[in-house]
Amino acid sequence: MSDATMEQKLRLVQQVRSRYQEDQYDLSNRERILYGRTGISPERAAGYGSYYDDYYPEGALPGEGASSFRLRLFLAMFLVMLVIVMDVNGIAVAGITAEKIYEVISADYEEVLETWVEAISSNVRK
Numbered sequence: 001m002s003d004a005t006m007e008q009k010l011r012l013v014q015q016v017r018s019r020y021q022e023d024q025y026d027l028s029n030r031e032r033i034l035y036g037r038t039g040i041s042p043e044r045a046a047g048y049g050s051y052y053d054d055y056y057p058e059g060a061l062p063g064e065g066a067s068s069f070r071l072r073l074f075l076a077m078f079l080v081m082l083v084i085v086m087d088v089n090g091i092a093v094a095g096i097t098a099e100k101i102y103e104v105i106s107a108d109y110e111e112v113l114e115t116w117v118e119a120i121s122s123n124v125r126k
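Under my numbering, the first residue of the sequence shown carries the number 1, and numbering increases by one thereafter.
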């Protein structure tokens with residue numbers, strides 16, 4: 001490569017950068033399709049901006065924004081507290097007591113699952 005002229009090196013660098021931009025654009029399109037993420041625009045890829053700037057715009061920290069984790073965590077905590085209150089006060093909601101909930105949670109479903117998987121497997125093979 002020592003025989004390569006400066007113009008050839010410049011063309012090679014441009015080809016590498018162009019390929020990188022195409023790959024980033026293709027990757028962002030695949031992520032958008034598969035995960036619903038917003039990706040890198042071709043303009044941003046051309047500027048070699050930070051890949052994560054699209055995901056965390058202007059000082060936003062990971063976990064802030066449209067995440068449903070907090071909602072799911074709150075809902076889970078609420079349901080656990082509801083079962084505890086039902087147990088302490090002996091309350092039944094729609095005929096369901098805390099004892100029934102504990103039985104369903106602690107039940108061993110391994111045998112039922114194995115039977116179910118075998119039934120599905122035999123139907124698929126036919």
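Virtual Cβ for every residue (Gly too), placed ideally from N, Cα, C.
The structure presented is a predicted model; accordingly, all values stated were derived computationally and were not measured.
Can you have a look at residue i and say buried or exposed, based on whether 16 or more other CB atoms are within 10 angstroms of its CB?
i, result
"S122", "exposed"
"Q15", "exposed"
When you compare the CB positions of residue i and residue j, do they come within less than 8 angstroms of one another, or not?
i, j, result
"M86", "A76", "no"
"I101", "V112", "no"
Between the alpha carbons of residue i and residue j, how many angstroms are there, rounded?
i, j, result
"S18", "S67", "34 angstroms"
"L27", "E103", "47 angstroms"
"L12", "D23", "16 angstroms"
"G95", "F69", "31 angstroms"
"R72", "A119", "34 angstroms"
"Y48", "I33", "Summary for Y48: the model assigns pLDDT 48, below 50, so the residue's position carries little reliability; its value from the coordinates is reported in the next sentence. The alpha-carbon atoms of Y48 and I33 are separated by roughly 22 angstroms."
So, with DSSP's three-state summary, where would you put residue i?
i, result
"V124", "helix"
"Y109", "coil"
Unbroken stretches of the alpha helix (DSSP H), 4 residues or longer, contained in the segment 61 to 98: 69 to 89
Secondary structure, alpha helix (DSSP H): runs of 4+ residues fully inside the segment 3 to 36: 6 to 35
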